[in-house]
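Residue 6 is where the sequence shown starts when you use my numbering, and the numbers rise one by one after that. Ideal placement from N, C-alpha and C gives every residue a C-beta, glycine not left out.
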Amino acid sequence: MDNQMNITIKQLSDNLLNDYLYFFDNIAFADNKEWEGCYCMFYHHDNDVKDWLSRSKEDNRSMAINMINDNKLNGFLAYDNETPIAWCNANDKKSFSFIKNLRKVYSDFDDSIVSIVCFLVSHQYRRYGISNKLLQAVINYYQKSGKKYLEAYPFKNVIKDSENYHGPFNLYIKNGFYIDKEYEKYIVMKYNLS
């Protein structure tokens, strides 16, 4: 498949709303049905896990539509030709809610930090360097933004692909991130933008 791929990366905008929805409606969780209703809203939802679990797929889809239309959801879609095949959610740290997960990262809320909270790659495109291309797009975009750091939260002791939704540790090391803090289940990694 590698020879036939024509990969491009596009920053999310309201013009790409239908592509985003197509990706989450049909591709993102084809191999992980438990999460198919997320629409990458987990870290944008302010309440606790119980409230999150009570939300429907339609609630999260509507929330995503509103956030995209209001320019509050930022990230990058990867395409093979015209088909969206992967997503990376990267935004100002203060725009995320970490109350349900990663509670300890609350300690460092700074306007100069951009958080990378999610990578989703179609199962057919994994291990072809798509996450690396997405991460490079994030780095290139934010190097021009005036922000100081990118911050990522890879989990430790990952067994399944779905547990790597924050991005794999080695992806960050390979791209110049360093370990900032280490906790029992995850690592806080940073990349200096300046």
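Ranked by how close their Cα comes to the Cα of TYR158, the residues TYR170, LYS149, ILE164 have TYR170 in first place.
By the neighbour-count definition (other C-beta atoms within 10 Å, threshold 16), ASP56 is an exposed residue. For the set SER117, LYS99, PRO173, the Cα lying nearest the Cα of GLY134 is the one of PRO173. Using a Cβ distance threshold of 8 Å, LEU198 and GLN141 do not count as a contacting pair. For ASN11, same chain residues with a beta-carbon under 7 Å away, outside a window of 5 residues either side, are ASP85, ASN86 in chain order.
Here the alpha carbons of ASP116 and LYS195 stand approximately 15 Å from one another.
ALA91: member of the beta strand (DSSP E) spanning 88-97, first to last residue.
Per DSSP, the beta-bridge partners of ASN197 are TYR154. With respect to LEU139, ALA33 sits apart: the two C-beta atoms are not nearer than 8 Å.
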